[in-house]
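Residue numbering for the sequence shown follows our numbering, beginning at 418 and increasing consecutively.
Idealized CB from N, CA, C, for every residue including glycine.
These numbers were taken from a predicted model, which means no experiment stands behind them.
Everything below concerns the one structure shown next.
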Amino acid sequence: MEEAFELMNAMPSKGFSPGVYTYNTVINGLHKSGRYERAKEVFSEMLKSGLCPDSTTYRSLLMEACKKGDAVEVEKIFGDMRSRDVVPDLVCFSSIMSLFARSGNLDKALVYFNSVKEAGLIPDNVIYTILINGYCRKGMISEAISLGNEMLRQGCAMDVVTYNTILHGLCKRKMLGEADKLFREMTERG
């Protein structure tokens, strides 16, 4: 990582200015090495240089804040992202939704689920499964099944993770007849 900093800092003396891609590479490297505070400093330097961050820039920051479980920081980053008209990608949304669903804040996870659609993106099975898992963990099986049905109506196939999530929720609630029915459906669909 230090070599990347040295290279980035040496660019101006060679007649080059670090661009968005360079900053993204460094910020992502810092994110992956667990140096979140330094990543935020590099992000600030990027803004001071007049460059506009893109969804890749924000993704690294969001993923690290989500990993830390810092909901306040996540919402701050997301707000900044939206204020700059940067459209989050599905990875950004899934990270945020996962944070809120894991912490039991399904209302907030649902807000971000609806934001996926508002952003003009099509929810994928990861997005749906995060919310389904949140419902199952809270014992809200009918909501989980309803969302699974919506997922299918929208043309998004359930994968083995989605089925297993609902099956686990059903078994945990001792709804074995429903679990058996869903298992048969899963095997019929392949």
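Gly521 and Val489 have their C-alpha atoms roughly 15 Å apart. Shown here, Leu468 sits in coil according to DSSP, grouped into three states, outside any helix or strand. In the three-state DSSP reduction, Cys509 falls in the helix class (H, G or I). Shown here for Leu447: same chain residues with a beta carbon closer than 6 Å to its own, the five before and five after excluded, namely Arg455 and Ala456 in chain order.
For Lys525, the enclosing alpha helix (DSSP H) covers residues Leu523 to Glu535.
DSSP places Ala482 in the helix class (H, G or I) of the three-state scheme. Per DSSP, reduced to three states, the secondary structure at Met603 is helical. For Ala488, the uninterrupted alpha helix (DSSP H) segment begins and ends at Ala488 to Ser500.
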